[in-house]
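Structure first, commentary second.
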Amino acid sequence: MASGKDDKSLGNGGETHQTAQAKGAKLTTNLGIPVSDNQNQLKAGARGPVLLEDFVLREKIFHFDHERIPERIVHARGSAAHGFFESYESLSDLTSADLFQRKGEKTPVFVRFSTVAGGAGSIDTPRDVRGFAVKFYTQQGNWDLVGNNIPVFFIQDAMKFPDLVHAVKMEADRGYPQAASAHDTFWDFVSLMPESTHMLMWAMSDRTIPRSLRMIEGFGVHTFRFVNAEGKSTFVKFHWKPKLGLQSTLWDEAIKIAGGDPDFHRRDLFESIDRGDFPEWELGLQLFDQKTADELPFDVLDATKIIPEEVIPVRIVGRLVLDRNPDNFFAETEQVAYCPANIVPGIDFTNDPLLQGRLFSYLDTQLKRLGSTNFHQIPINQAKCPFQNFQRDGHMQMAVPKGRANYEPNSLAEVGEEGGPRESPEQGFKTFPESVEGTKLRIRPESFADHYSQARLFFRSLDPAEQAHAASAFVFELSKVQLEHVRKRMLANLRNVDEELAKRVAAGLAMALPKASSSAAPVQDLPPSPALRIIGNTKDILLGRSVGILIAEGSDGQVIDTLSAAIKKAGGTPKLIAPKVTVKLKDGSSRAADGQLQGTPSVMVDAIALVLTKDAATLLTKEAAAVQFVMDAFGHLKAIGHDAAAQPLLDKAGVEPDAGIVPLDASFVAAAAKRFYAREPKVRMLA
Ligand code: HDE
1 MASGKDDKSL
11 GNGGETHQTA
21 QAKGAKLTTN
31 LGIPVSDNQN
41 QLKAGARGPV
51 LLEDFVLREK
61 IFHFDHERIP
71 ERIVHARGSA
81 AHGFFESYES
91 LSDLTSADLF
101 QRKGEKTPVF
111 VRFSTVAGGA
121 GSIDTPRDVR
131 GFAVKFYTQQ
141 GNWDLVGNNI
151 PVFFIQDAMK
161 FPDLVHAVKM
171 EADRGYPQAA
181 SAHDTFWDFV
191 SLMPESTHML
201 MWAMSDRTIP
211 RSLRMIEGFG
221 VHTFRFVNAE
231 GKSTFVKFHW
241 KPKLGLQSTL
251 WDEAIKIAGG
261 DPDFHRRDLF
271 ESIDRGDFPE
281 WELGLQLFDQ
291 KTADELPFDV
301 LDATKIIPEE
311 VIPVRIVGRL
321 VLDRNPDNFF
331 AETEQVAYCP
341 ANIVPGIDFT
351 NDPLLQGRLF
361 SYLDTQLKRL
371 GSTNFHQIPI
381 NQAKCPFQNF
391 QRDGHMQMAV
401 PKGRANYEPN
411 SLAEVGEEGG
421 PRESPEQGFK
431 TFPESVEGTK
441 LRIRPESFAD
451 HYSQARLFFR
461 SLDPAEQAHA
471 ASAFVFELSK
481 VQLEHVRKRM
491 LANLRNVDEE
501 LAKRVAAGLA
511 MALPKASSSA
521 APVQDLPPSP
531 ALRIIGNTKD
541 ILLGRSVGIL
551 IAEGSDGQVI
561 DTLSAAIKKA
571 GGTPKLIAPK
581 VTVKLKDGSS
591 RAADGQLQGT
601 PSVMVDAIAL
611 VLTKDAATLL
621 TKEAAAVQFV
631 MDAFGHLKAI
641 GHDAAAQPLL
651 DKAGVEPDAG
661 IVPLDASFVA
671 AAAKRFYARE
681 PKVRMLA
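The opening position of the sequence shown corresponds to residue 1 in the working numbering, with each subsequent residue numbered one higher.
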């Protein structure tokens, strides 16, 4: 009988066999034999051959040779953190799920964010969907809400998933591009799959180039069910709303971040938790019954569709706080095994054909990656409530079940032996008894046929600046597509979305507009949903943001300190950036910089301030990194705080005055949280 243990022993590396971190601990082999020399192999003579009997060497190299496990076929690149979910209220009228029964109840979670297409070592900022996977360790078992930062998906039926993933990943013959959808095979596939059009609109929007993982929304995507104690079912769609609001980068910025810091998001997440700025989201629910589902213009089982928040409002029911970094990346972030089929009593699936395929897939992938059916015993995957059954043995069995009872029913209790656990009709998981009947067939329902109306809804809901970014993203991606007929086919599809968009993309590609592709269902004009915008759902707060203060020899320490204090007071993080790691200030004192200019481009921060003497500003006009620092901040629509002394550098960088170019006073602190989208036409020719 396996049994769960208390919190302390789970997922936090607390109870491993290794006590290696203990101060003064002796280095040993895996079997506890003390090691006398960790520098040299056992040799026959100082310059002689190595001896086979060197079991210390053999064990060390053997273990090292097997350190890697297969990376995830998708979502390989990820970063994770521990935290908790706290319920704001009891939802017992809607669900019997234990975690939602009591106001203030805290449930431990482990959350992993990821990109989809790139390998484990790929960059953090490609244009890509972000995974948002939450494992709730509830008192009735683990519930995994394995979602994305986009509420829809590319395909409607799991049958197409391997094709989609093959198409987007590196091309089969050449092994590139890594972590990029801008290539022939991806666009070939999606242009042949009109159902992907809605998701493509999201993928080409700024949603896929987030500023921080702390500033993305999360979505369960599929329609799920809540089931209450009386067995009543309510449909539910899950939303995560970031406390810091939404914020994206600009494409040019995302590319430059990739060069400046390929670990940008991972570092940002780790450092924010490390300094106590705990990332936080609120859980929102869209709740509806069968009658409402029947009245909606789309099928709620179709994962390429949203229900606009304006149609069914999002009810906020709790918060998710990430307050602890993993102790060990491999043991936790790499070995965590999410599975949409991990569900708890009170929550249930629907017949969404994409969800149904996922329920099947994840267990397979975990077995392949983790190598044993006992992967649920790995601390990060283990339930934090008691668990017991008659499953036994298998590779890497860590539990030592006692007694004779490994089958049920049994009557061993009658002779005073342990009989083992029994099923519980009252508390056990019960599937919602939806009545189902039908002919076996392979078919897509008629109700899934409209592939363009919501793509149009999404595009028309965006702020004009976001529309321009999306149009330009299509131009960028399709300009990397060498197959002319694929570009044409995509343009033909876009004509069904929005004629203006199609024209802009065609113009950007210098192509003629082809005839619109045929549409399986008439395209409807739906009312726009402002909730889909990023601009407008951004929070202009410095909390969670950082400001780069460029200093150099002779800078005024007092100005630096006052500014830093004001930034900190507003919740932001000041970062001193200087041509050399230590700077001699005006009063002769030395100041250590947080980053050296060459290695800390302004894409690393949300706004910049120039605290320079006129001489330093003049000297820096000859330093490309300094000019680029200012030029990029301007080009990426960030606030620039300065005084008159910095003018030579501003002039060299082509900075023109606007609402975001401000003096080094309170107006800078207010401006530093914002992006100045009105500046964009001055710096960039968008489609
Ligand atoms: Fe996944 N997906 N997926 N997916 N998915 C995996 O499982 C799969 C889908 C998502 O941080 C894999 O452990 C199929 C939708 C996330 O560890 C694999 C289908 C959504 C993660 C798999 C989908 C997701 C995965 C690869 C179509 C958003 C990362 C490694 C039916 C709602 C979890 C793994 C983590 C991971 C299969 C579609 C989200 C292969 C077959 C839709 C966030 O099992």
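The beta-carbon is built from N, C-alpha and C at its ideal position, and this holds for glycine as well.
- The segment 104-141 contains, as complete beta strand (DSSP E) runs of 3+ residues, the segments 106-115, 130-138 (chain order).
- Ligand 1 has a heavy atom closer than 7 Å to the beta-carbon of residue 362.
- DSSP places residue 663 within a strand segment (E or B) once states are collapsed to three.
- According to the DSSP secondary-structure assignment, residue 233 is paired through a beta bridge with 227.
- Contact annotation: the segment 514-523 does not touch the segment 540-553, with fewer than three C-beta pairs closer than 8 Å.
- In the structure shown, residue 257 falls within a helical segment according to DSSP collapsed to helix, strand and coil.
- Around the beta carbon of residue 606, 16 or more other beta carbons lie within 10 angstroms, which makes this residue buried.
- A distance below 8 Å separates the beta carbons of residue 319 and residue 280.
- Shown here for residue 69: same chain residues with a beta carbon closer than 6 Å to its own, the five before and five after excluded, namely 369 in chain order.
- Residue 504 and residue 471 have their C-alpha atoms roughly 7 Å apart.
- The beta carbons of residue 238 and residue 145 sit about 6 Å from each other, so the pair counts as a contact at 8 Å.
- The criterion of a C-beta distance shorter than 8 Å is satisfied by residue 497 and residue 201.
- With contact defined as three or more Cβ pairs closer than 8 Å, the segment 212-225 and the segment 134-151 are in contact.
- A distance below 6 Å between beta-carbons, with the five flanking residues on each side excluded, links residue 641 to the following residues of its chain, in chain order: 609, 662, 664, 668.
- By the Cβ test, the segment 358-372 is not in contact with the segment 106-116, since fewer than three Cβ pairs between them sit closer than 8 Å.
- A heavy atom of ligand 1 is found nearer than 7 Å to the CB of residue 338.
- Under DSSP, the beta-bridge partners assigned to residue 575 are 548.
- DSSP, read as helix, strand or coil, puts residue 347 in strand.
- If you check the CB distance, residue 186 and residue 165 do not come in under 8 Å.
- Going by beta carbons, residue 158 and residue 422 fall outside the 8 Å limit.
- Under the DSSP definition of a beta bridge, residue 79 partners with 113.
- Under the DSSP assignment, residue 568 falls in the alpha helix (DSSP H) whose first and last residues are 557-569.
- The alpha helix (DSSP H) runs lying completely inside the segment 309-371 and spanning 4 residues or more are 353-370, given in chain order.
- In the three-state reduction of the DSSP assignment, residue 379 falls in the helix class, which pools H, G and I.
- Boundaries of the alpha helix (DSSP H) around residue 614: 614-620.
- With respect to residue 246, residue 537 sits close: the two C-beta atoms are nearer than 8 Å.
- Note on geometry: alpha-carbon atoms of residue 635 and residue 674 lie some 14 Å from one another.
- Annotation: residue 96 is outside any beta strand (DSSP E) and is labelled neither H nor E by DSSP.
- In the three-state reduction of the DSSP assignment, residue 166 falls in the helix class, which pools H, G and I.
- With fewer than 16 other Cβ atoms from the protein chains shown falling within 10 Å of its own Cβ, residue 439 counts as exposed.
- When distances are taken from the beta-carbon of residue 335 to the heavy atoms of ligand 1, even the shortest one reaches 7 Å or more.
- Looking at the backbone, the Cα of residue 598 and that of residue 620 are separated by about 12 Å.
- Residue 347 and residue 77 have their C-alpha atoms spaced approximately 29 Å apart.
- Residue 608 is bridged by DSSP to 548, 640.
- Per DSSP, the beta bridge partners of residue 239 are 219, 284.
- Closest by C-alpha distance to residue 687, out of 628, 511, 124, is 511.
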